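Asks:
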Amino acid sequence: MTTLDAGPAHERATSVVLHGLHPLDGHEVTWKVTPLPQDRRGHVTFLVQRAEGHVDGEQAWSCTDKETFVLSGEGVRELVRRVSSTSRIGSSR
1 MTTLDAGPAH ERATSVVLHG LHPLDGHEVT WKVTPLPQDR RGHVTFLVQR
51 AEGHVDGEQA WSCTDKETFV LSGEGVRELV RRVSSTSRIG SSR
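Everything in the sequence shown is counted per full-length UniProt numbering, starting at 1 for the first residue and increasing by one.
(1) What's the C-alpha gap between V80 and V48?
(2) Look at the alpha carbon of E28 and the alpha carbon of G42, and state the distance between them as a whole number of angstroms.
(3) Terminal residues of the continuous beta strand (DSSP E) containing S62?
(4) For V70, tell me which candidate among H19, P37, L21 and D25 has the shortest Cα-Cα distance.
(5) Spatial neighbours of T64 within its chain, please: C-beta separation below 7 Å, excluding the five flanking residues on both sides.
(6) For L47, which beta-bridge partners are listed by DSSP?
(7) Report, in whole angstroms, the separation of the C-beta atoms of V33 and V83, which I expect to be a contact under 8 Å.
(8) DSSP puts L21 in a beta bridge; with which residues?
(9) Mind checking L24: buried by the 16 CB within 10 Å criterion, or exposed?
Set out below in structure tokens:
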């Protein structure tokens, strides 16, 4: 499980890992999606990290180059929809 320090409450967040093919060019990609704390207006966003190839395990993940960005809930749903036909979804440990 990946734990995020979310301020005084120290909320715990579990990441979801997607293994699949890149929706545009078809090469293997691993995505890690972690919820961020709600903003002051109650909006939820997600930290999304993308690594080239099929990456398994926290140690391998920590040593891999990643592209990092933030998506809305709708953006995450679209990402999951695009890769769902070629992915295995599971909780990160």
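All C-beta atoms, glycine included, are put in the ideal place defined by N, C-alpha and C.
Treat the numbers as computed from the prediction; the structure is a model and nothing was measured.
Replies: Let's see:
(1) If you take the alpha carbons of V80 and V48, they lie about 12 Å apart.
(2) Whole-angstrom Cα-Cα distance: 34 Å.
(3) That residue, S62, is in no beta strand (DSSP E); its alpha helix (DSSP H) goes E58 to S62.
(4) Per the C-alpha coordinates, the member of H19, P37, L21 and D25 positioned closest to V70 is P37.
(5) So the qualifying residues of the chain are A51 and V55.
(6) Note: L47 sits in a beta bridge opposite T34 and V70.
(7) About 11 Å separates the two Cβ atoms, so there is no contact after all.
(8) Note: L21 sits in a beta bridge opposite E28.
(9) Exposed, by the Cβ-count rule.
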